[in-house]
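Asker:
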Amino acid sequence: MTQITANFSNSLCERPLAIDGISDFDLAETLDCGQAFRWNPAPDGSFTGVAAGRACRVARRGNELLLYGVPQEDYDRFWFSYFDLGRNYRQIKQELSADPVLARAVAYAPGIRVLNQDPWEALASFIISQNNNVKRIKGIIERLCALCGEPIEGGFYAFPTPEALAARTPEDLAPVRAGFRARYLIDAAQKAVSRQIDLAALRTLPLPEAREMLMRITGVGVKVAECALLFGCGRVECFPVDVWIGRVMRQLFPDGLPACAAGYEGIAQQYLFHYARTSGML
DNA sequence: AACCAGGCGCATA
DNA sequence: TATGCGCATGGT
Numbered sequence: 000m001t002q003i004t005a006n007f008s009n010s011l012c013e014r015p016l017a018i019d020g021i022s023d024f025d026l027a028e029t030l031d032c033g034q035a036f037r038w039n040p041a042p043d044g045s046f047t048g049v050a051a052g053r054a055c056r057v058a059r060r061g062n063e064l065l066l067y068g069v070p071q072e073d074y075d076r077f078w079f080s081y082f083d084l085g086r087n088y089r090q091i092k093q094e095l096s097a098d099p100v101l102a103r104a105v106a107y108a109p110g111i112r113v114l115n116q117d118p119w120e121a122l123a124s125f126i127i128s129q130n131n132n133v134k135r136i137k138g139i140i141e142r143l144c145a146l147c148g149e150p151i152e153g154g155f156y157a158f159p160t161p162e163a164l165a166a167r168t169p170e171d172l173a174p175v176r177a178g179f180r181a182r183y184l185i186d187a188a189q190k191a192v193s194r195q196i197d198l199a200a201l202r203t204l205p206l207p208e209a210r211e212m213l214m215r216i217t218g219v220g221v222k223v224a225e226c227a228l229l230f231g232c233g234r235v236e237c238f239p240v241d242v243w244i245g246r247v248m249r250q251l252f253p254d255g256l257p258a259c260a261a262g263y264e265g266i267a268q269q270y271l272f273h274y275a276r277t278s279g280m281l
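Numbering (numbering that gives the first Met the number 0), first residue to last: 0 to 281.
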């Protein structure tokens, strides 16, 4: 008996693409630290997720990164950048560690990398994140993708495009159980479709203008705008301040971030966020 | 049963 | 400019 349709078990269990020479990259620390919400761990330590319409399973084997279901071309065009593999984290961590508090945060989870996510997915995800917890954020995004996203091979769903959400009403999104955030999502989608928000320009626009543009969306304030720029637009100098980072700043950096973080505030932020949230220091 | 979760909009002073 | 409150939902 033959099966013609490729499915999850096929494409994600084939021989993986192996990338050698990987360092400063821990899958759990990076994929389960609250910067992306579509990665799920397996008992063997691998993670399966969807980003920018592509599903993949990732694992580590020594110094190799194993990518299942990923053609070489997709790695070159997307995943290499997504996992930020072109950036020298060893050097950045060394510079951050000039400050003793940052040094502790870096040493606590030295395998964190800041992912380069799609601008729209990051924006929508962090709209959903407000006044919410990571577990429920993931559930909302999963239901949103299943309801409004395009099916992709393997039983996964792409993140819904702005076009797919712009035509919906809050009532349409009721099954997603996003609460008061549903209308924020729709407003963001409509402004993206109408080009009131130029998602591509956010990558290069002067930061004050980029922030101002994002904050024209109902439900996008300073923090969500900063997250969209850091996680979705490659702006590693952005520094989102949530409740955890607020505590860190009051208690550990009353005079502001140390100078050694200049230019990499967003990367420092991710080490600090994870440290504050999971180490029990506060 | 209050309180909290990767906040924000709005009213009020 | 600065506070304070309500907001949907679900987990402690």
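Glycine is no exception: its CB is placed at the ideal position from the N, C-alpha and C atoms.
With C237 and G265 assumed to form a contact (beta carbons below 8 Å), what rounded beta-carbon distance in angstroms separates them?
Answerer: The pair is a contact, with the Cβ atoms about 5 Å apart (cut-off 8 Å).
Asker: Use the C-beta contact count for F179: other C-beta atoms within 10 angstroms, 16 or more gives buried, fewer gives exposed.
Answerer: The residue is exposed, with fewer than 16 neighbouring Cβ atoms inside 10 Å.
Asker: With DSSP run on the structure shown, which of helix, strand or coil describes E120?
Answerer: Helix.
Asker: Measure the C-alpha to C-alpha separation of A191 and P99 and round it to an integer number of angstroms.
Answerer: Approximately 42 Å, taken between the alpha carbons.
Asker: Could you tell me whether the Cβ atoms of C226 and F125 are closer together than 9 Å?
Answerer: Yes, the pair counts as a contact, with Cβ atoms nearer than the cut-off.
Asker: How about A157 and C232: do their beta carbons lie closer than 9 Å?
Answerer: No.
Asker: Is it right to say G44 is buried, meaning 16 or more other beta carbons lie within 10 angstroms of its own, or is it exposed?
Answerer: So G44 ends up on the exposed side.
Asker: Within 10 Å of its beta-carbon, does S278 have 16 or more other beta-carbons around it, so buried, or fewer, so exposed?
Answerer: Exposed is the call here.
Asker: Three-state secondary structure (DSSP) at T217?
Answerer: Of the three classes helix, strand and coil, the one that applies to T217 here is coil, per DSSP.
Asker: Considering just the uninterrupted stretch of the alpha helix (DSSP H) at Y88, what are its terminal residues?
Answerer: Start and end: 88-95.
Asker: For V221, count neighbouring C-beta atoms within 10 Å of its own C-beta (all shown protein chains included) and say buried if the count is 16 or more, exposed if not.
Answerer: Answer is exposed; the Cβ neighbour count stays below 16.
Asker: Give every residue of the same chain whose Cβ lies closer than 8 Å to the Cβ of L213, excluding the five residues on either side of it in the sequence, and list them in chain order.
Answerer: Excluding residues within five positions, the ones whose Cβ falls inside 8 Å are L122, I196, L201, V219, V223, A224, A227, L228.
Asker: According to DSSP, is E141 helix, strand or coil?
Answerer: Three-state DSSP puts E141 in a helix.
Asker: Quick one: is R56 buried, meaning 16 or more other Cβ sit within 10 Å of its Cβ, or exposed?
Answerer: So R56 counts as buried.
Asker: If you follow the alpha helix (DSSP H) that P161 is part of, which residue opens it and which one closes it?
Answerer: Per DSSP, P161 belongs to the alpha helix (DSSP H) from 161-165.
Asker: So what's L64 in DSSP terms, helix, strand or just coil?
Answerer: It is a strand residue.
Asker: P118 and L198 look like a contact to me (Cβ under 8 Å); what is the Cβ gap, rounded to whole Å?
Answerer: Between L198 and P118 the Cβ distance is about 4 Å, and since that is below 8 Å, they are a contact.
Asker: Provide the residue(s) that pair with V57 in DSSP beta bridges, ordered along the chain.
Answerer: Note: V57 sits in a beta bridge opposite F46, L66.
Asker: Could you tell me whether the Cβ atoms of L101 and P253 are closer together than 9 Å?
Answerer: No. Outside cutoff.
Asker: Please determine, among D75, V69, L84, A104, the residue with the shortest C-alpha to C-alpha distance to L281.
Answerer: Per the Cα distances, A104.
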